[in-house]
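Structure first, then comments.
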Amino acid sequence: MGELTFFLGLQIKQMSNGIFISQSKYCNEILKKFGMEGCKEAATPISNTCNLDLDEKGIAVDNSNLIGYSDSDYVGCRLDRKSTSGTCHLLSSALVSWHSKKQACVALSTAEAKYIAAGSCCA
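Everything in the sequence shown is counted per UniProt numbering, starting at 1 for the first residue and increasing by one.
Now the structure itself:
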């Protein structure tokens, strides 16, 4: 599989002196979406020199403990007969992402609506 480079929308660079995590790809996509690629950048008031120290007394967390849940209704929208999917992801019992979205196609059964929801949970 190789070294981790993307995780839940975060870019991850593993270097000899630490791990660098950023959302620059996501930020560039947002700028492009709203036609703001040519805007001037501005300094942020947030300190960028925050160092995270090792918590020697803390409880070890299994970082590979990622769980995803999905569910859907069936024909939730009476106008176009499309179902709605919902998903959430937990990392070590902490919610890290969720979404709810109308499905792109019309499901012909509750099982099909559930399969579409499960697929969106993995995407």
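Where is the CB? At the ideal position from N, CA and C, for every residue including glycine.
- Contact between S24 and Q11 holds, since their C-beta atoms are separated by about 6 Å, short of 8 Å.
- For C121, same chain residues with a beta-carbon under 6 Å away, outside a window of 5 residues either side, are G68, S70 and T87 in chain order.
- For T110, the enclosing alpha helix (DSSP H) covers residues T110 to C122.
- S97 counts as exposed, since fewer than 16 other C-beta atoms from the protein chains shown sit within 10 angstroms of its C-beta.
- Apart from sequence neighbours up to five positions away, the residues of its chain that approach L95 with a beta-carbon distance below 7 Å are C88, ordered along the chain.
- DSSP, read as helix, strand or coil, puts K25 in helix.
- For Y74, the closest alpha carbon among the candidates A42, S85, K40 and S64 is that of S85.
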